[in-house]
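FYI, this note's numbering numbers position 68 of the sequence shown as 74, with every residue one higher than the one before it.
Beta carbons are placed, not taken as given, at the ideal position from N, Cα and C, and that holds for glycine.
Owing to the predicted nature of the structure, the values given are computational and were not obtained by experimental measurement.
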Amino acid sequence: MRARKKIKINHNSEFELDLAPLLAVMVKLVPVLLVSSAFVQMMIIETDLPQVVQQAIEEQKKDPKPTSVAVEMSKKTGIKIVITEGEKQTIETVSLNAKQEYDLPNIQAKFQEVKKAHPEVFKIEMNPDADVPYKDVVQVMDEARKSRNNDIKFPIKDQKTGVDTTTLYMFPEVVFGNMMDG
């Protein structure tokens, strides 16, 4: 039998960490990330609200009303406007038109009915399904924000002066309720 050679391991030697491959990857990755960040856009839709409406929205945030309005969007069934008043829930529906598109004039009319019935509500919660295109979501948001017809105005009370006035804005504050889904 041959004698086995014993390999001597020195446990006291220092280990050198080679960072060159990691730095090479970083040198290549940083410019790619910088270039790709130029293509990312954050979309913000600015709305110039009258002071009276802005004050009413702030007042609603301080003292939330028991009434809430939610809009559920689906490419299959259309739009459901869910109005919750305490324990009572009412659902208004607007079906898709013959071309399987959202019927924007009817949606606007439903939002006007809801606003006339609940003038104290300024916020809606949007719940679009994942298959609804962004363009359609923005169109429905635009229909909910402001009345198209300048003759149709909604009553609002000025918090500072106590005077009743009117506005074209229906639901200027839009919140997305299902951002964590999908």
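Residue i: buried (16+ other C-beta within 10 angstroms of its C-beta) or exposed?
i	result
S101	exposed
E179	buried
Q106	exposed
G168	exposed
I13	exposed
I113	buried
V31	exposed
Go through its chain and collect everything with a Cβ distance to residue i's Cβ below 8 Å, but skip five positions before and after it.
i	result
K145	Checking the sequence shown, residue 145 turns out to be Gln, not Lys. The answer, listed in chain order, is Y108, L110.
K129	I63, Q66, S74, V75, F177, E179, V180, V181
So, are the CB atoms of residue i and residue j less than 8 Å apart?
i	j	result
V75	F177	yes
L126	G183	The residue you asked about is not Leu; residue 126 is Glu in the sequence shown. Cβ atoms of E126 and G183: not closer than 8 Å.
K152	L174	yes
S80	D135	yes
K122	F160	yes
G84	T99	yes
I158	V59	no
N133	E91	no
D164	T172	no
Look up residue i in the DSSP assignment and say whether it is helix, strand or coil.
i	result
A76	strand
M186	Caution is warranted here: a pLDDT of 49 is assigned to M186, below 50, making its placement in the model unreliable, and no coordinate value can be reported.
K86	strand
E179	strand
Might you give, ordered along the chain, the residues of its own chain that have their beta carbon closer than 6 Å to the beta carbon of residue i, omitting 5 neighbours on each side?
i	result
R154	Q114
Mind pulling the alpha helix (DSSP H) runs of 4 or more residues that sit fully within the segment 91-170? Here the runs fully enclosed are 110-123, 140-151.
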